[in-house]
Amino acid sequence: MCAFPVFLVDCLFTRRHFTSQVLDFYKLKAAKRDFFLKPPALTVPVFVLYGDPLVWPTPDLLHCESIPQRSRLHRWEIQLHRHADLAQLLYVRKGWAELNVDGQLTRVEEAAIQVVPALCIHGFRFSENIDGFVVTLAMPLVARLQEHLGGQSAVFNEPGLYRVGQERRYIDTLFAAINNEYNSEAPARDLLLQSLIGVLAVWLGRQVMVRDAQERPERGQAYLSRFAQLVEAHFTQHWAVERYARQLGITPAYLNGLCRRLRGQTALGVLHQRLLLEAKRNLLYTGLTVNEIADLLGFSEPAYFTRFFKRLAGVSPTAFRQASARG
Numbered sequence: 112m113c114a115f116p117v118f119l120v121d122c123l124f125t126r127r128h129f130t131s132q133v134l135d136f137y138k139l140k141a142a143k144r145d146f147f148l149k150p151p152a153l154t155v156p157v158f159v160l161y162g163d164p165l166v167w168p169t170p171d172l173l174h175c176e177s178i179p180q181r182s183r184l185h186r187w188e189i190q191l192h193r194h195a196d197l198a199q200l201l202y203v204r205k206g207w208a209e210l211n212v213d214g215q216l217t218r219v220e221e222a223a224i225q226v227v228p229a230l231c232i233h234g235f236r237f238s239e240n241i242d243g244f245v246v247t248l249a250m251p252l253v254a255r256l257q258e259h260l261g262g263q264s265a266v267f268n269e270p271g272l273y274r275v276g277q278e279r280r281y282i283d284t285l286f287a288a289i290n291n292e293y294n295s296e297a298p299a300r301d302l303l304l305q306s307l308i309g310v311l312a313v314w315l316g317r318q319v320m321v322r323d324a325q326e327r328p329e330r331g332q333a334y335l336s337r338f339a340q341l342v343e344a345h346f347t348q349h350w351a352v353e354r355y356a357r358q359l360g361i362t363p364a365y366l367n368g369l370c371r372r373l374r375g376q377t378a379l380g381v382l383h384q385r386l387l388l389e390a391k392r393n394l395l396y397t398g399l400t401v402n403e404i405a406d407l408l409g410f411s412e413p414a415y416f417t418r419f420f421k422r423l424a425g426v427s428p429t430a431f432r433q434a435s436a437r438g
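Counting in the working numbering, the sequence shown runs from 112 upward without gaps.
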């Protein structure tokens with residue numbers, strides 16, 4: 112019998128305690144339409160679960176269902192949308208899936224887990240023989256997992272596709288256990304359910320460590336993981352590199368050195384690329400004007416935003432939007 116991490120006991124809550132809190136936490140507004148590939152400049156819907164803009168269907172801090180359960184209702188296509196305060200784990204066990212995750216298109220034909228962070232724009236298309244699960248995690252649970260994962264916490268901060276490979280039987284068993292426990296009313300259900308989620312999070316975190324060791328065999332990844340979290344929280348506030356370094360307890364020079372060695376660009380470059388990504392998302396998937404996007408991203412003047420965007424993207428925001436609309 113596997114010994115589950117003790118820390119998970121701390122993140123257990125009674126079902127009654129969560130009911131009102133979670134429903135209040137997820138009162139989100141959804142747009143009327145969205146598209147799987149290259150939609151016009153319309154707002155991408157924000158859902159709790161796909162197709163449900165307001166209702167979190169469970170008193171738990173997680174939700175589990177099979178892929179066919181929802182995708183069959185939508186003719187095997189989940190169009191572009193995002194979740195404001197949720198992360199998702201999509202396990203493709205059998206069949207094929209076409210994934211659009213923040214504009215990155217991938218076809219999966221073998222067992223794999225796709226991590227979808229909060230606010231990540233994503234859409235899926237599945238074969239009719241698809242088999243697998245979707246596990247949705249509320250941010251309070253994600254935050255607790257990140258706290259205890261430490262340097263492995265980047266698994267929930269950025270999209271990632273993790274091939275299961277020779278561990279297929281182990282992952283099959285783990286997801287099946289999560290699904291069975293989620294749908295049960297057995298004693299100590301919450302303890303076992305969230306312990307299983309903890310085991311899955313640790314497995315994913317180890318995949319991140321293996322990937323990073325292969326791609327970037329350097330120390331300092333823990334600093335960069337924390338840097339990424341800070342950037343996500345404050346990029347629209349235009350913090351200086353010095354302030355990020357101070358929050359991390361390191362010097363700006365050391366932070367820049369880490370970014371150059373492990374990310375291939377300066378710390379300022381990382382900040383600029385995050386702003387650019389958010390600008391492109393808003394130009395592609397919302398009806399906001401350039402001036403409104405500039406204000407949303409913290410630019411004091413629209414002209415500053417236009418110059419910033421053109422310098423990094425090579426074209427003006429308006430030209431970028433027009434070119435994307437033409438397809």
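All residues carry an ideal CB built from backbone N, CA and C; glycine is no exception. From a predicted model like this one, the values you see are computed outputs, not experimental measurements.
Would you mind reading off the limits of the alpha helix (DSSP H) that contains Ala288?
279 to 293
Do you know offhand how far Asn240's Cα is from Val319's?
29 angstroms
Need the endpoints of the beta strand (DSSP E) that Ser177 sits in, please.
173 to 177
Who are the Cβ neighbours of Tyr281 in its own chain at under 6 angstroms, not counting the five residues just before and after it?
none
Would you call Val133 buried or exposed, if buried means 16 or more other Cβ atoms sit within 10 Å of its Cβ?
At Val133, the pLDDT of 39 sits below 50, so the modelled position is not reliable and the matter cannot be decided from this model.
Through-space distance from Cys175 to Leu304, alpha-carbon basis:
CA-CA distance, Leu304 to Cys175, rounds to 11 angstroms.
Assuming Val342 contacts Val313 (C-beta within less than 8 angstroms), just tell me the rounded distance between them.
Taking the Cβ atoms as the reference, Val342 lies roughly 25 angstroms from Val313, outside the contact range of under 8 angstroms.
Run through DSSP, which three-state label would Phe98 get?
Lying before the first or after the last residue shown, residue 98 is absent from the chain, which here runs from 112 to 438.
When the Cα atoms are used, what is the spatial distance from Ile178 to Thr217?
Approximately 17 angstroms between the Cα atoms of the pair.
Quick check: Leu379 and Val352, are their CB atoms within less than 8 angstroms of each other?
Going by C-beta atoms, Leu379 is nearer than 8 angstroms to Val352.
So, are the CB atoms of Leu252 and Leu302 less than 8 angstroms apart?
no
Contacting residues, own chain, Cβ-Cβ under 8 angstroms from Phe431 (five flanking each side not counted):
Contacts found: Lys391, Leu394, Phe420, Ala424.
Just tell me which of Ala339, Leu387, Gln358 has its CA closest to the CA of Cys370.
Ala339
Assess contact between the segment 395 to 414 and the segment 354 to 367, defined as three or more Cβ pairs (one per stretch) separated by less than 8 angstroms. Is contact present?
no
Where Phe431 falls: helix, strand or coil (DSSP)
Correct three-state label for Phe431: helix.
Taking only the alpha-carbon atoms, compute the straight-line gap between Gln215 and Pro270 and give it to the nearest angstrom.
10 angstroms
Just to confirm my understanding: we take Ile361, look at its own chain, exclude 5 residues before and 5 after, and list those with CB closer than 7 angstroms. What are they?
Tyr334
Just tell me which of Ala223, Glu258, Ser435, His383 has its CA closest to the CA of Tyr396.
Check the Cα spacing between Tyr396 and each of Ala223, Glu258, Ser435, His383: the tightest is with Ser435.
Tell me the rounded alpha-carbon separation between Asp145 and Arg236.
The predicted position of Asp145 is uncertain, since its pLDDT is 39 and thus under 50; a value taken from the coordinates is nonetheless stated next. So the alpha carbons of these two residues sit roughly 14 angstroms apart.
Terminal residues of the continuous beta strand (DSSP E) containing Phe244?
242 to 249
Determine the extent of the beta strand (DSSP E) in which Ile189 is found, giving its start and end residues.
188 to 192
For a quick check, are the C-beta atoms of Arg193 and Ala222 less than 8 angstroms apart?
In this structure, Ala222 does not lie closer than 8 angstroms to Arg193 by Cβ.
Closest residue to Phe267 among Gln384, Val321, Arg274, Arg255 (Cα-Cα distance)
Arg255
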